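Protein chains in written order, with the working numbering: chain A, 11 to 461; chain B, 2 to 64.
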């Protein structure tokens with residue numbers, strides 16, 4: 011009962027604020043308060059799915075003081091293969107054990123094996139475990155530790171990226187328009203090594219409008235637009251004068267371009283009116299000469315391990331991947347909707363995991379990848395990226411009682427009554443409300459007398 | 002080894018339910034199936050579970 015009232019009150023505040031029309035910032039703040047609740051609503055009914063995972067890392071630590079001894083490679087193979095670990099962990103373990111082979115005795119090997127298996131068993135999730143709740147809380151709690159209520163920017167050079175809780179919300183909300191879309195463009199062979207080539211490619215991508223490369227003047231006296239191109243800018247951006255003229259002619263068939271003696275361009279339209287002239291000026295100024303519309307800036311950086319890499323402000327994955335010299339297999343964007351559209355839902359799922367992990371990591375928070383994987387799975391399992399909202403996954407959760415429990419109780423119940431909705435009592439909330447054991451953990455076990 | 006296997010047959014939730022149900026039976030006067038010094042029904046149920054003599058199993062549904 012109490013829960014209903016609290017949730018209802020909060021919702022009223024949101025609606026109220028929206029009505030008053032307060033700034034987005036406040037809506038964002040309320041959104042932050044809601045994140046754990048939203049995750050919970052979405053994931054609370056998920057259970058079980060045994061997943062594997064173990065910590066092979068500490069075996070090296072466990073070796074402790076150095077001892078003399080040598081275990082045969084064959085022994086390691088045999089021991090590890092016999093154990094009930096997953097294949098991936100087996101491989102990793104073998105590699106690590108072989109590396110320290112000279113310090114191992116047989117007893118020590120047995121000891122290590124035993125402990126690794128033990129840790130592995132512990133890390134397993136048992137059937138009927140409420141993994142959804144655990145995942146929701148595991149993201150919700152770190153959320154309280156993150157830089158709250160502020161946009162936190164960390165620069166890659168001078169490009170700003172939204173980080174912290176606002177970024178997490180952006181991901182979970184499956185927003186199509188990001189506040190700071192950005193791409194990391196990896197390059198192919200020669201572009202990686204040569205700065206010139208990388209820079210030339212960067213200019214190929216960065217959007218350049220005519221207003222960026224010259225001065226535009228409108229002269230009402232002779233009803234024309236005058237453009238004086240900046241020689242230095244043209245050179246910087248590898249643009250030829252002819253290209254610019256070409257682009258201007260492309261505005262319309264009745265556009266006349268004349269090159270004057272002082273290299274100024276005189277642009278006119280056949281239909282001459284003052285209104286028409288102003289429109290022409292705007293069109294000229296916004297004409298794209300080079301690059302990809304939407305990529306406002308490109309930064310060339312030399313990464314110690316990767317060579318030259320381009321960072322962008324703005325994201326246009328589809329167009330960027332087509333450009334020659336771009337490594338289409340390793341280029342990424344932080345816009346998940348774009349990834350889903352161009353590379354498919356599995357790629358989007360991976361992107362969600364990757365983005366959430368790196369956002370949390372940047373804040374110094376360590377969250378088990380399995381929780382995030384679950385959230386990514388919940389968001390993408392229908393084949394499209396769906397947001398985690400106040401009512402769970404959009405269109406996913408239908409239960410009347412759980413909706414009523416979450417907010418505006420009476421409205422929800424009334425609405426449901428009008429439409430004659432039924433409640434199957436499958437989820438957690440519904441069963442708690444009616445006072446039944448929930449179908450999770452011990453509540454999901456069905457006992458039978460006799461063997 | 003077989004005893005080990007037997008123990009692992011149930012998840013922790015199943016184990017809790019079986020022991021709980023059995024403890025309730027014992028508390029209400031059901032005959033105890035093993036020799037034990039224990040007096041607390043829950044401890045008796047645990048001892049019975051470890052010897053796997055409890056006549057209760059679990060139905061695992063498909064869903």
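Glycine residues also receive a C-beta, built at the ideal position from the N, C-alpha and C atoms. Computed from a prediction, not measured in an experiment: that's the story for all the values here.
heavy atom of the ligand ATP below 7 Å from residue i C-beta
i            : result
residue 29/B : In the structure on display, the ligand ATP does not appear, and there are no ligands present to speak of.
For residue i: DSSP bridge partner residues
i             : result
residue 194/A : 321/A, 342/A
residue 300/A : 218/A
residue 459/A : 57/B
residue 307/A : 323/A
residue 403/A : 398/A
residue 226/A : 237/A
residue 312/A : 318/A
residue 336/A : 197/A
Where residue i falls: helix, strand or coil (DSSP)
i             : result
residue 233/A : coil
residue 295/A : helix
residue 92/A  : helix
residue 270/A : coil
residue 397/A : coil
residue 368/A : helix
residue 116/A : helix
residue 259/A : helix
residue 275/A : strand
residue 173/A : strand
residue 33/B  : coil
residue 265/A : strand
residue 137/A : coil
residue 449/A : coil
residue 149/A : helix
residue 38/B  : coil
residue 430/A : coil
residue 465/A : What is shown of chain A runs 11 to 461, which leaves residue 465/A out entirely.
residue 188/A : coil
8 Å Cβ cutoff, residue i in contact with chain A
i            : result
residue 56/B : yes
residue 31/B : no
residue 19/B : yes
residue 13/B : yes
residue 22/B : yes
Residue i at chain B interface by Cβ criterion, 8 Å
i             : result
residue 138/A : yes
residue 456/A : yes
residue 452/A : yes
residue 460/A : yes
Sub-8 Å separation of residue i and residue j beta-carbons
i             : j             : result
residue 16/B  : residue 50/B  : yes
residue 172/A : residue 323/A : no
residue 201/A : residue 301/A : no
residue 223/A : residue 307/A : no
residue 249/A : residue 330/A : no
residue 385/A : residue 145/A : yes
residue 344/A : residue 188/A : yes
residue 48/B  : residue 24/B  : no
residue 340/A : residue 390/A : no
residue 127/A : residue 83/A  : no
residue 409/A : residue 433/A : yes
residue 350/A : residue 395/A : yes
residue 465/A : residue 377/A : Nothing can be reported for residue 465/A: it is not among the residues displayed for chain A, which extend from 11 to 461.
Closest by C-alpha distance to residue i, when choosing among the options
i             : options                    : result
residue 219/A : 293/A, 286/A, 400/A, 263/A : 293/A
residue 105/A : 177/A, 426/A, 234/A, 87/A  : 87/A
residue 229/A : 197/A, 352/A, 285/A        : 285/A
residue 382/A : 147/A, 400/A, 287/A        : 147/A
residue 211/A : 225/A, 246/A, 298/A        : 246/A
residue 263/A : 274/A, 281/A, 270/A        : 281/A
residue 28/B  : 60/B, 52/B, 41/B           : 41/B
residue 258/A : 243/A, 94/A, 278/A         : 278/A
residue 337/A : 208/A, 265/A, 182/A        : 208/A
residue 527/A : 110/A, 290/A, 46/A, 226/A  : This structure cannot speak to residue 527/A, because chain A is shown only from 11 to 461.
residue 354/A : 327/A, 445/A, 131/A        : 327/A
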